[in-house]
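Same order as they appear, the protein sequences are chains P and H. Position 321 of the first sequence, counted from 1, bears residue number 321 in the working numbering, the numbering being contiguous throughout. In the working numbering, each residue's number is its place in the second sequence (first place is 1) plus 1000. Cβ coordinates follow ideal geometry from the N, Cα and C atoms, glycine included. Quick caveat: nothing in here was measured; it's all calculated off a predicted structure.
There are 2 protein chains.
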Amino acid sequence: MTTTKMRPIRQTIPLDEARAIIDRHITPLTRVERVPLQQAHGRVLARAAIATNDVPPFTRAAMDGYAVRAQETAGASRTSPRTLRHIGKLFTGQVAEHPVGPGECLEIATGAPMPPGADAVVIVEETDSTDDRVSVFSPVAPQQNVGRQGSDIQAGQMVLGDGEWLTPSRVGALAALGLTEVDVVAQPRVAILSTGNEIVEPGQALAGGEIYDVNKFTVAGVVSEHGGVPVFVRTASDTIDDLSRAVDECLAHDIMVFSGGSSVGERDLILDVIGNRGTVLFHGISVKPGKPTAFGLIDGKPVFGLPGYPTSCLTNAYVLLAPALRKMAHLPLALARQLTLPLGQRVVSAPGRHQFYTVRIENGVAMPAFKASGDITSMSKADGYIEIALDTDVVEKGEMVVVTLL
Amino acid sequence: MTTTKMRPIRQTIPLDEARAIIDRHITPLTRVERVPLQQAHGRVLARAAIATNDVPPFTRAAMDGYAVRAQETAGASRTSPRTLRHIGKLFTGQVAEHPVGPGECLEIATGAPMPPGADAVVIVEETDSTDDRVSVFSPVAPQQNVGRQGSDIQAGQMVLGDGEWLTPSRVGALAALGLTEVDVVAQPRVAILSTGNEIVEPGQALAGGEIYDVNKFTVAGVVSEHGGVPVFVRTASDTIDDLSRAVDECLAHDIMVFSGGSSVGERDLILDVIGNRGTVLFHGISVKPGKPTAFGLIDGKPVFGLPGYPTSCLTNAYVLLAPALRKMAHLPLALARQLTLPLGQRVVSAPGRHQFYTVRIENGVAMPAFKASGDITSMSKADGYIEIALDTDVVEKGEMVVVTLL
């Protein structure tokens, strides 16, 4: 009988210190890829977009009405309209064949190019027409109801800088330049691997002591939500050799996320593997759930060792992994969707640990929903979580708490 | 010379009325599709998920330590430890070969099945071991540090109801049941079509009077952000016949979004097409930008006629289309990402219209960024927008405003 080789976590670091260490070792990706414009939404622009031509490319009518010589409408009113000769119609996509001469007007659609001679548009609501005569009921100033060439974007102008996150309107701005493809920052590829002899792929039958892999799916969800591409690596068994082979496979990607094997057990070997192949930067953080979390580097690539328990794993995926991914992906910090609500029930927190406590929102009140770290339903039945600081032991019923929605 | 056939919008309805009309005519989709679990994230569950077995499937150690008979640890302390005989080790994925007898303990890893005989786990931090002896420094109660079979999910229990939005933890809960595929609500397929003879696909050369299609891309972005699948339909020219053929193509999908052709011009034919093929439910809303917006039904399918101007089109895509899509997709209402900030500059609003005003956030202040409805940079250079109610004419510099982030 050999003695135990279990290695308790004796030292933990505060959450903020863990965040700072991770941040120091995460570098924004420099890899660039070209995507068709219709796939650019949500991506990050890799190079500034410079306009090669004016938008709009010509001076155009900004309203439906009549293109006129503005000075000829001076003093027009309902009681004393100006009358102009209607010389034709111009639809969008057409170009005027004749200039608008003195005493003339051209019917024009919003977006059609202004005809030579005219310098303003009288809106249709301020006119009346019979045969070839148009009565104008109010004066317009030069350039009124006209969109000048280049007024939106001028040729040579930087339309979007590099690093801009491509919201719908920004993709629209690139379309306005006539672009069909765009260079964007690559999305971090995240190798996800659940470790442990007990972990079985869903769909297979469970033998004694076995459970289905949950963390692979929850981590993949967080990765997709925060700009990464999840890559599933085959489950590794609890041997240094097998885990080390798995690491070789993972090194083809930008970042590695292991779950399980980072606690105190003899076969929690992830830590040894990170140590053998690279550097462990921390192991153990003062949070609950999620204490047995490790972070390190192998060949310069970040490695997260998340706890095997589903709720612990997912909490730290949100709190530590997501910001790291956003930094790698050049994405703006996620603005958490938060609500401030009264707490529905007194909560006692673990002393000396920053605690994440899941809650359900019921009738405008945050009701504690936390079960156990090993319970996936602790999160799946929750609407969000509250945070209780390291130095707070109790939050009373009725106190206002900030709920971060899941 | 024929007289004008321009048809000014004489009547507009308030934004809330437009929203209510749309809501009355939007039905949540009932179409279901089966997807692999790794693609279920973000989708909506179509049928309740009932557990076919317990989770965890066996009673297990919740901590690393020693499986013991709890009563034998009564009174244990650092000064007066209880000593037990170490009979072996149990890792995860293994099943104990022998029960734990009186005076015995079994080293056990978190997640390993509890051996018969033992009813609690003493955590490793509260023990010391030499050879085959383990000293226990504190007592445990029965079931302490033990996760009971079915404590997370019991066989027969409804784990997730139909209509639940699949966040990462909910996908995890489905994985815990051993599922590999899941029935989800179909995503609304949105046929998107830009109308107008002046509209040219990016990548082609512009002739006189032509501009690049912008709205197709901005609307597609909004559609993807709100649970829909954008489907590009070829650009239609400004003839009733061509638009009607385009409608035939669109009817294969769940919802149609046209842009352009819904204003007052003679060739703004979308309205005629909706009227000929179905019913126009409204045309013209009291918002700025975005007044020339129409909504109707063709063969029971919703049709949006959005303005051709990029900012007007995109504003109404956010304000009217997005909620409609979320309802069709069974998605929860989007919790807008909002900030309350002082306004950096006085804004005068259009009387009698609910106004959306784009802003940039600069040094904690919301600075007006609105250019013109035809300008895509009015949105692409903005961080968000503020809303000015119908009955408000002026918002003074320094007043607090709610910024909805884009």
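Just grab the DSSP bridge partners of residue i for me.
i	result
residue 368/P	359/P
residue 1107/H	1066/H, 1089/H
residue 136/P	82/P, 127/P
residue 1212/H	1200/H
residue 40/P	Paired residues: none, contrary to the question.
residue 1354/H	1287/H
residue 1385/H	1358/H, 1404/H
residue 256/P	191/P, 303/P
residue 120/P	68/P
residue 1147/H	1060/H
residue 278/P	298/P
residue 1340/H	1402/H
residue 45/P	184/P
residue 1013/H	1285/H
Just to confirm my understanding: we take residue i, look at its own chain, exclude 5 residues before and 5 after, and list those with CB closer than 7 Å. What are they?
i	result
residue 25/P	281, 297, 302
residue 1154/H	1051, 1054
residue 214/P	310, 376
residue 1003/H	Low local confidence applies: a pLDDT of 44 at residue 1003/H is under 50, so the model's placement there is unreliable, with the coordinate-based value given in what follows. Hits under 7 Å: none found.
residue 357/P	347, 368, 370, 385, 386, 388
residue 392/P	349
residue 1022/H	1295, 1320, 1324
residue 82/P	72, 73, 76, 136
residue 1250/H	1191, 1193, 1233, 1256
residue 351/P	393
residue 1210/H	1198, 1200
residue 127/P	65, 66, 134, 135, 136, 137
Cutting at 8 Å between CB atoms, please list the residues of its own chain near residue i, excluding the five before and the five after it.
i	result
residue 269/P	195, 238, 239, 240, 243, 261
residue 1394/H	1346, 1347, 1348, 1349
residue 1291/H	1009, 1012, 1284, 1285, 1307, 1312, 1353
residue 62/P	110, 121, 145, 146, 147
residue 1184/H	1032, 1033, 1034, 1035, 1040, 1043, 1044, 1045, 1046, 1166
residue 1028/H	1185, 1327, 1328, 1329, 1330
Tell me which residues share the same chain as residue i and place their Cβ nearer than 6 Å to its Cβ, disregarding the 5 neighbours each side in the sequence.
i	result
residue 334/P	none
Who are the neighbours of residue i on chain H, taking C-beta pairs under 7 Å?
i	result
residue 54/P	In chain order: nothing, as chain H lies at least about 11 Å away.
residue 202/P	1037, 1175, 1178, 1179, 1180
residue 406/P	1167, 1169
Quick one: list the residues of chain H neighbouring residue i, beta-carbon separation under 8 Å, in chain order.
i	result
residue 380/P	1159, 1160, 1167, 1169, 1170, 1172, 1173
residue 224/P	1041, 1042
Would you identify the three-state DSSP class for residue i, choosing helix, strand or coil?
i	result
residue 217/P	helix
residue 240/P	helix
residue 34/P	strand
residue 1306/H	strand
residue 1054/H	coil
residue 301/P	strand
residue 379/P	helix
residue 114/P	coil
residue 71/P	helix
residue 1170/H	helix
residue 1390/H	coil
Taking C-beta pairs closer than 7 Å, name the residues in chain P that residue i reaches, listed in chain order.
i	result
residue 1142/H	Neighbours of residue 1142/H on chain P: none; closest Cβ ~17 Å, over 7 Å.
residue 1214/H	172, 175, 176
residue 1210/H	93
residue 1198/H	92, 93, 111
residue 1057/H	206, 211
residue 1322/H	Result: empty, since nearest Cβ-Cβ is about 10 Å, beyond 7 Å.
Which bits of chain P does residue i rub up against, with CB to CB less than 9 Å?
i	result
residue 1238/H	91, 92, 93
residue 1220/H	38, 41, 168, 171
residue 1308/H	92, 110, 111
residue 1329/H	Ordered by position in chain P, no residue passes the 9 Å Cβ test against residue 1329/H, which lies about 17 Å from the chain.
What does residue i touch in chain H if you count any residue whose Cβ is under 9 Å from its own?
i	result
residue 314/P	1168, 1169, 1172
residue 147/P	1372, 1374, 1375
residue 152/P	1310, 1371, 1372, 1374, 1375, 1376, 1377, 1378
What residues from chain P crowd round residue i, counting only those whose CB sits closer than 8 Å?
i	result
residue 1191/H	Chain P residues near residue 1191/H: none, gap ~14 Å exceeds 8 Å.
| Segment contact, 8 Å Cβ cut-off, at least three pairs: the region 88–98 of chain P with the region 147–167 of chain P | Contact between the region 88–98 of chain P and the region 147–167 of chain P is not established, with fewer than three Cβ pairs separated by less than 8 Å.
| task | Pair every Cβ in the region 1300–1316 of chain H with every Cβ in the region 1208–1222 of chain H, then say whether three or more of these pairs are closer than 8 Å. | result | With the cut-off at 8 Å, the region 1300–1316 of chain H and the region 1208–1222 of chain H touch.
| said: Would you call the region 1031–1051 of chain H in contact with the region 1067–1083 of chain H, where contact means no fewer than 3 C-beta pairs closer than 8 Å? | reply: no
| Would you call the region 1053–1070 of chain H and the region 1104–1121 of chain H in contact, with 3 or more CB pairs under 8 Å? | Contact annotation: the region 1053–1070 of chain H touches the region 1104–1121 of chain H, with at least three C-beta pairs closer than 8 Å.
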